[in-house]
Amino acid sequence: AQACQQAGWGVQAQAPVQLLARLERLPAQELKFRDARNGNGVTTATMQPFKADLEIRRGNELLWSRGTQNYPPTLLFLGEGETVQQAVTKWERPHQDFFTSLHLPPRIPRHDGPTKPGYSLFRSGTWEDVSLPASKPAPAAGQPPIAPPRR
Numbered sequence: 017a018q019a020c021q022q023a024g025w026g027v028q029a030q031a032p033v034q035l036l037a038r039l040e041r042l043p044a045q046e047l048k049f050r051d052a053r054n055g056n057g058v059t060t061a062t063m064q065p066f067k068a069d070l071e072i073r074r075g076n077e078l079l080w081s082r083g084t085q086n087y088p089p090t091l092l093f094l095g096e097g098e099t100v101q102q103a104v105t106k107w108e109r110p111h112q113d114f115f116t117s118l119h120l121p122p123r124i125p126r127h128d129g130p131t132k133p134g135y136s137l138f139r140s141g142t143w144e145d146v147s148l149p150a151s152k153p154a155p156a157a158g159q160p161p162i163a164p165p166r167r
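As numbered in the working numbering, residues 17 to 167 make up the sequence shown, in order.
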């Protein structure tokens, strides 16, 4: 709720737009590591990763999402006397600051209605949506944006 308020969102218990946060443990996975020093054989370790997701939804419609999953690095360094399984187990924990370090968007442009998705501009300290009629393509990279209609 605090991150929502910092992004400028109002928080209501029964709002039509909902923020869903999930932290779950995935099924165990078998990981294989090759010894880079001498190339002798493959060592197997087991890990049960954590997955964190944050979604903003209106009913069943997904408006915005971010997620993360934990895995050991592809190059695993072992301490003296440490086994591959012990090194992998160190990475078997949830990403603690995922939810607190995530920046929610101050607004999410609509993708419905008579116009197709356009783009948003930050102009004069506020966000402006620029909607494109269905027949007009978005400006090419490096081209100046289409001016929003005057109101």
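Where a beta carbon is used, it is the ideal one built from N, C-alpha and C, also for glycine.
- When the Cα atoms are used, L47 and P89 turn out to be separated by approximately 11 Å.
- The Cβ neighbour count for L70, taken over all protein chains shown within 10 Å, is at least 16; the residue is labelled buried.
- Each of N86, T116, E77 was checked against the Cα of A37, and the nearest Cα belongs to T116.
- Residue pairing by DSSP places K48 opposite T60 in a beta bridge.
- Here DSSP, grouped into helix, strand and coil, assigns F138 to strand.
- Between the alpha carbons of I124 and W80 lies a gap of roughly 8 Å.
- Annotation: R53 to E98 spans about 15 Å, alpha carbon to alpha carbon.
- A Cβ-Cβ distance of about 5 Å is found for the pair T84 and A68, placing them in contact under the 8 Å criterion.
- Within the same chain, F49, T59, A61 come within 6 Å of V100 by CB-CB distance, once the 5 residues on both sides are set aside.
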